[in-house]
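In what follows, a structure is listed as C-alpha cells, so that the remarks can point back to it.
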Amino acid sequence: MLSSLLPAAAIAVEAFEDEPAAVLFPEESALLARAVEKRRREFTTARICAHKALRQLGLPPAPILPGPRGAPGWPAGVVGSITHCAGYRAAAVAWSRDVYTLGIDAEPNEPNPPGVTHEITVADEADRLAALTASHPAVRWDRLLFSAKESVYKAWFPLAQRWLGFEDAHLSLEPGTAPLAQTIDALDGPVGPVTTAGAAVTAAGHAGGSHGGLTATQKLVRAEGTFSARLLVAGPALGSGTLTGFDGRWLVGEGLLITAITATHIDGVPASSVTA
10 MLSSLLPAAA IAVEAFEDEP AAVLFPEESA LLARAVEKRR REFTTARICA
60 HKALRQLGLP PAPILPGPRG APGWPAGVVG SITHCAGYRA AAVAWSRDVY
110 TLGIDAEPNE PNPPGVTHEI TVADEADRLA ALTASHPAVR WDRLLFSAKE
160 SVYKAWFPLA QRWLGFEDAH LSLEPGTAPL AQTIDALDGP VGPVTTAGAA
210 VTAAGHAGGS HGGLTATQKL VRAEGTFSAR LLVAGPALGS GTLTGFDGRW
260 LVGEGLLITA ITATHIDGVP ASSVTA
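Numbering (our numbering), first residue to last: 10 to 285.
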C-alpha cells in the first residue's frame with residue numbers, strides 16, 4: 010500500500026505480521042535490552058523492513074541506529090523514514106540526490122484518543138475536520154490529521170534538526186475523487202476502543218491506539234487523497250529555496266491510515282541541485 014503513495018525514486022517495504030525468527034544487528038538488539046515484548050516486536054520488524062529497503066538501493070547490510078531525538082540514522086546519501094502501529098510496520102528510503110526528505114506514518118482508522126484532537130489542531134483545522142467527517146464518515150479524519158502531522162515532523166527534522174510541534178504547521182486534508190468502498194453506516198458496529206497509556210500524546214508525539222477491534226467489513230473501507238502542510242515557523246534555507254511547507258498523500262485500507270511525504274523539490278529547487 011505504501012508504495013502507491015511514493016514516487017518511483019523511493020523504495021517502500023511493509024509488513025503486516027512480525028517475523029519471529031528475524032535477527033537484528035547486535036547494536037540494534039542492544040537498544041531493546043529493557044524493552045517489553047510489544048516494543049521488541051514492532052522495533053524488530055520495522056528495522057527488518059528498513060534493512061530490506063536499503064538492500065534494494067544496493068547498499069550493504071548495516072545497523073540503523075537512532076540519532077538526534079530518536080530519528081533513524083541512515084547511511085550517507087540516503088533519506089528515509091520508519092513507522093509502525095498495531096498490525097503494520099513499514100520503511101521507505103531513497104537516495105538524497107533524488108529526494109530531499111521522506112516522512113511516513115501509519116495509524117489505525119480509529120478516532121484519536123480523548124483530548125488528542127484538541128492538542129494537535131490549529132486555526133480552522135477543527136472546522137475542516139467536522140466538514141470532512143460529515144461528508145466522508147468512513148475516514149477517521151481526526152486520526153488522519155494526527156498521522157499527517159507525524160509525517161510532517163519526520164520529513165522536517167532531517168532538514169531543520171530541531172523540534173516541530175503539532176501547533177507549528179497548518180494542514181489541509183483533501184479527499185480523493187475515488188468513491189469509498191464502504192460508508193460508516195455499513196460497518197459492523199462501532200470501531201473498537203482506543204487505549205492510551207498516560208498522556209493522550211506522549212513526549213515522542215505518538216498517540217496510543219488499538220487495531221484489534223476492527224471487523225472484516227471495516228477493513229474494506231478504501232479512500233485516498235492528498236494533504237498540504239503550511240509551516241507556521243521559519244523553515245531552513247535549502248540551496249536557493251526556503252522550506253515553507255510540504256505536500257503529501259494519504260490512503261485508507263486494511264483498517265489503516267497511511268500518510269507519506271516525499272519532497273523532491275523545495276520551492277521549485279530540485280533535490281539533485283543542492284544535495285550530494
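We put the CB at the ideal spot given by N, CA and C, even for glycine. If you're wondering where the values come from, they're calculated on a predicted model, not measured in any experiment.
Quiz item: Are the beta-carbon atoms belonging to L9 and P245 less than 7 Å from one another?
Solution: Any question about residue 9 goes unanswered here, given that the chain covers just 10 to 285.
Quiz item: How about I36 and R56: do their beta carbons lie closer than 7 Å?
Solution: The sequence shown places Glu at residue 36, not Ile. The answer is no: Cβ separation not under 7 Å.
Quiz item: Who pairs with A246 in a beta bridge, going by DSSP?
Solution: T251
Exercise. Spell out a yes or no on whether the region 138-157 and the region 263-272 are touching, meaning 3 or more CB-CB pairs, one atom from each, closer than 8 Å.
Key: yes
Quiz item: Candidates A103, F255, K47 and V261: which alpha carbon is nearest D27's?
Solution: K47
Practice problem: Output the distance between the C-alpha atoms of P81 and C94, rounded to the nearest integer angstrom. | Solution: 17 Å
Self-check item: Cutoff 6 Å; reference D114; Cβ partners in own chain excluding five residues on either side
Solution: T92, S156, E159, S160 and T268
Quiz item: Can you name the start and end residues of the alpha helix (DSSP H) that D133 belongs to?
Solution: Note, D133: premise wrong, no alpha helix (DSSP H); not H, not E.
Practice problem: For the beta strand (DSSP E) holding H179, just list the boundary residues, first then last. | Solution: A178 to P184
Quiz item: Any idea if W172 is buried or exposed, counting beta-carbon neighbours within 10 angstroms, 16 or more meaning buried?
Solution: exposed
Quiz item: Hey, quick one: how far does the beta strand (DSSP E) through T268 stretch, first residue to last?
Solution: L265 to A272
Quiz prompt | V102 beta carbon less than 7 Å from that of L63 | solution = yes
Quiz item: Leaving out five residues before and five after L241 in sequence, what residues of the same chain have Cβ atoms less than 8 Å from its Cβ?
Solution: V131, E176, D177, A178 and H179
Quiz item: From which residue to which residue does the beta strand (DSSP E) around A287 run?
Solution: As shown, the chain starts at 10 and ends at 285. That puts residue 287 outside it, with no answer to give.
Quiz prompt | Inter-residue Cα distance where the pair is A3 and A31 | solution = The requested residue 3 does not occur in the structure, where the chain is confined to residues 10 to 285.
Practice problem: Thinking D107 and A232 are a contact (beta carbons under 8 Å), I'd like their distance in whole angstroms, please. | Solution: Their Cβ separation, rounded to whole angstroms, is 28 Å, which puts D107 and A232 out of contact at 8 Å.
Quiz item: DSSP on E23, reduced to helix/strand/coil?
Solution: strand
Self-check item: Separation of G234 from P77, as counted between CA atoms
Solution: 32 Å
Quiz item: Beta-carbon separation of K61 and V125 under 7 Å?
Solution: no
Quiz prompt | Three-state secondary structure (DSSP) of W259 | solution = strand
Quiz prompt | C-alpha gap between G112 and D136, whole angstroms | solution = 26 Å
Practice problem: Name, in chain order, the residues that DSSP records as bridge partners for D114. | Solution: T268
Practice problem: On a CA-only basis, which of E51, A139, P120 and W165 is nearest V88? Give me that one, please. | Solution: W165
Quiz prompt | Neighbour-count burial assignment, R239, 16 or more Cβ in a 10 Å radius | solution = exposed
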